[in-house]
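Throughout the sequence shown, residue numbering follows numbering that gives the first Met the number 0, covering 0 to 100 in sequence.
Virtual Cβ for every residue (Gly too), placed ideally from N, Cα, C.
Structure first, then comments.
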Amino acid sequence: MAVKVLISRRYQNGKAMELLKLLNKLRVEAMNQPGYITGETLIGHDDPQKLMVVGTWDSVDHWLKWQDDRNRADLEARIGELLTEPPTVEVFTLGTFPFRK
């Protein structure tokens, strides 16, 4: 069953362009992963220092494999240097009444 992955990040002043470049690299890598469907980056209307990345994966297993990927970890470490706090990650199953294995 498809999942949406919401990753919220708050970045340091003056680091927006550097962060967006790294997020684009991360998305390009994700696009080559099995199960990746789509992603988008949202900027907080009331808080422009806050970014939300919404990724859609065809299964939680594919997301978890990507989450543990070494290339992803390397990019996340570089992204982490630009943040004011650790990112938050939430995974949601699509549908009104999700069934689990």
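- Straight across, the Cα-Cα distance linking D68 with L74 is about 10 Å.
- When C-beta atoms of the segment 83-91 are compared with those of the segment 40-47, fewer than three pairs fall below 8 Å, so the two segments do not count as touching.
- Counting only the Cα atoms, M30 lies some 14 Å from S58.
- Going by DSSP, M30 is part of the alpha helix (DSSP H) stretching over 15-30.
- Taking 8 Å as the upper bound for CB-CB distance, L81 and Y10 are in contact here, some 5 Å apart.
- The three-state reading of DSSP puts L5 in strand, counting E and B together.
- A Cβ-Cβ contact shorter than 8 Å links A1 with W56.
- Around the beta-carbon of V27, fewer than 16 other beta-carbon atoms lie within 10 Å, marking it exposed.
- Setting aside the 5 residues that flank it on each side, I6 is surrounded in the same chain by V52, P86, V88, each with a C-beta closer than 6 Å to its C-beta; the list follows chain order.
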